[in-house]
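Participant:
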Amino acid sequence: MNLSKLHEAEQSFLMRYPQGFADPQMQGIRKKHNVAKLVEFTQANLTRTSCLNPAHVSDTLVKIVCRSSMVSRFEKPPFRNFVEALDTDSREALAYAVEQRLFGRKQKGFELLVDMLARHKLAKWALVSAVPFYFAPRKEAFVKPTTAKGVLKLLEVKDLEYQAKPTWAFYKGYRTVLHDVRKQVDPALGPNNAALSGFLMMQF
3 MNLSKLHEAE QSFLMRYPQG FADPQMQGIR KKHNVAKLVE FTQANLTRTS
53 CLNPAHVSDT LVKIVCRSSM VSRFEKPPFR NFVEALDTDS REALAYAVEQ
103 RLFGRKQKGF ELLVDMLARH KLAKWALVSA VPFYFAPRKE AFVKPTTAKG
153 VLKLLEVKDL EYQAKPTWAF YKGYRTVLHD VRKQVDPALG PNNAALSGFL
203 MMQF
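Quick note: the sequence shown uses my numbering, first residue 3, plus one each step.
#1: Taking Cβ positions, are glutamate 77 and alanine 128 nearer each other than 8 Å?
#2: Locate the alpha helix (DSSP H) running through arginine 18, then write down its first and last residues.
#3: Suppose contacts are defined by Cβ-Cβ distances below 8 Å. Is lysine 34 in contact with serine 70 by that definition?
#4: What does the Cβ neighbour count give for glutamate 253, buried or exposed, with the cut at 16 atoms within 10 Å?
#5: Less than 8 Å between the beta carbons of phenylalanine 135 and alanine 57, yes or no?
#6: In the DSSP assignment, the alpha helix (DSSP H) including glutamine 29 goes from what residue to what residue?
#7: Since methionine 203 is in the alpha helix (DSSP H), which residue starts that stretch and which ends it?
#8: Looking at leucine 8: is its Cβ nearer than 8 Å to the Cβ of valine 187?
#9: When DSSP labels each residue in this structure, what does glutamine 45 get in the three-state scheme?
#10: Am I right that methionine 204 and threonine 149 are in contact with their C-beta atoms under 8 Å? What's the rounded C-beta distance?
#11: Do you know how far the Cα of glutamate 86 is from the Cα of arginine 50?
#12: Are the beta-carbon atoms of valine 2 and tyrosine 98 separated by less than 8 Å?
#13: Nearest chain C C-beta to alanine 97 closer than 8 Å, yes or no?
Spelled out as structure tokens, the structure:
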């Protein structure tokens, strides 16, 4: 990672928004994305116990994805249709994948979700990463392809190559990049990992 470029980006951002994402000028962006409300909703509705109720999990996933400002409007209807068409066994498999992703063997849950979505041509980064992000916004990463590629280019990260199909290896690597960035910059730039990548996105 090119730390010089990172700190240049940090200085540029703070010159424009001295209070980081708490700056009054950022109010419109905060309101648009409404991360706090979706985090609260996700954490309240996706507990380890609630994951034992496949119908509840399915309904919750659709609500989170459809309410997210970061998921493309072109991806929302197909995802909703996919979930609504699932039979009982498939809903149980989806709930199990979510439970593993959030509370158990995270890689296994990730790969189960990708496999399910891939069968319906819905293995998209936003659909795979949105729910974990809202569940743990400072630990998990929201991966938007254009942003992720831009961040890696801006910071000159050489040992991580973007993959169009979601893979755990790329996800884990990109999440590590964001965690490393967080250690280097003003806390005001990283109230959550989507904001952190958003700050970097504004530099390219």
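Using N, Cα and C, we set each Cβ at its ideal position, and we do this for glycine too.
Facilitator: Taking the definition as stated:
#1: yes
#2: 5-18
#3: no
#4: Residue 253 lies beyond the stretch modelled for the chain, which goes from 3 to 206, so this question has no answer here.
#5: no
#6: 29-35
#7: 195-203
#8: yes
#9: helix
#10: So it is not a contact: roughly 10 Å between Cβ atoms.
#11: 22 Å
#12: Residue 2 falls outside the range modelled here, since the chain spans only 3 to 206, and no answer is possible.
#13: Absence of chain C from the displayed structure is noted, only one protein chain being present.
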